[in-house]
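Take 12 as the starting number for the sequence shown in the numbering used here and just add one per residue. We put the beta carbon where it would ideally sit given N, CA and C, even for glycine. Keep in mind it's a predicted model, so treat the numbers as computed, not measured.
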Amino acid sequence: MRPVDHLENILKKGSSRESSKAFIDNYGEEQTSAMCFLIANEESYSFLKIFNYKTLFEGFGYCLARILRPVWRQRILKLSPNATNVNRLDTSIPEQKLQYIVKKLLNLKKFCDKHPDLKTLHHLESGPLTAPPQAIGISGLYDALVRMTDAISFILLMLEYSLPETIEGVDLSTKQTIANSNFDQLVTDMS
């Protein structure tokens with residue numbers, strides 16, 4: 012059983028403080044926080060309240076990294092020649108994997124939108140005038156979550172409308188830019 016499944020069982024059963032503490036001691040606060048964000052249900056939300064803002068920031072970052080790891084440094088497109096076009100470009104990541112990633116991202120976004128206090132806990136901990144650096148960081152991570160969800164969703168939409176043929180119709184410069192782009196650039200490169 013995966014650790015995240017074990018934690019979900021602990022949370023569903025409302026297990027004792029001892030079993031919760033043993034889990035945190037075994038996996039650490041940041042990893043446990045990340046698993047709570049991955050589980051993204053009411054039990055995990057209640058459990059997240061025991062962590063400080065720095066731990067939530069780290070956990071959110073780990074969670075987002077786990078979801079995006081399969082695509083993060085991957086090229087968006089790859090050469091996929093067919094009988095009529097030897098320079099045909101298509102997605103480098105299978106559509107099913109992209110759909111799974113978007114599903115996970117949307118679940119995390121929905122969870123954060125349902126519980127916006129997860130993004131504003133710094134006001135409770137340090138007062139409204141002195142927000143820790145993580146306060147800006149978690150907002151930035153949430154923005155990256157939204158941008159990456161939108162970007163991958165757009166690629167999936169383009170697949171429905173025959174992405175390879177659409178790319179064939181753009182000018183050479185744009186085609187080269189797209190062909191040389193990675194998924195991480197969708198949210199980190201502002202050009």
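Please say whether residue j and residue i have beta carbons closer to each other than 8 Å?
i      : j      : result
Ile21  : Ile87  : no
Leu117 : Leu167 : no
Thr43  : Ile50  : no
Val113 : Ile61  : no
Leu170 : Thr66  : no
Leu59  : Leu129 : yes
Using the C-alpha atoms, what's the distance from residue j back to residue i?
i      : j      : result
Asn193 : Tyr153 : 20 Å
Leu140 : Val15  : With a pLDDT of 48 at Leu140, under the threshold of 50, the predicted position of this residue should be treated as unreliable, and no value is reported.
Asp195 : Thr177 : 22 Å
Ser26  : Arg77  : 26 Å
Tyr64  : Ser173 : 44 Å
Asn98  : Ile149 : 41 Å
His126 : Ser91  : 43 Å
Leu75  : Met159 : 10 Å
Phe122 : Asn96  : 44 Å
Leu119 : Leu197 : 19 Å
Glu40  : Phe48  : 12 Å
Leu100 : Lys89  : 6 Å
Glu69  : Asn37  : 17 Å
Using C-beta distances below 7 Å, list every residue in its chain close to residue i, excluding the 5 sequence neighbours before and after it, in chain order.
i      : result
Glu54  : Leu22 and Lys23
Met46  : Pro14, Val15 and Leu18
Arg84  : Asn193 and Asp195
Lys186 : Ile178
Tyr73  : Glu41, Gln42 and Ala45
Lys115 : Ile78
Which residues in the same chain have their Cβ closer than 8 Å to the Cβ of residue i, if we skip the five residues on either side of it in sequence?
i     : result
His17 : Phe34
Ser30 : Ile21
Pro81 : Ile104, Lys108 and Ile112
Ordered along the chain, which non-local residues of its own chain (more than five positions away) have a Cβ less than 6 Å from that of residue i?
i     : result
Phe71 : Phe48, Ile149 and Leu152
In chain order, what are the residue ranges of uninterrupted alpha helix (DSSP H) at least 4 long that sit wholly in the segment 34 to 88?
40 to 50, 53 to 59 and 64 to 79
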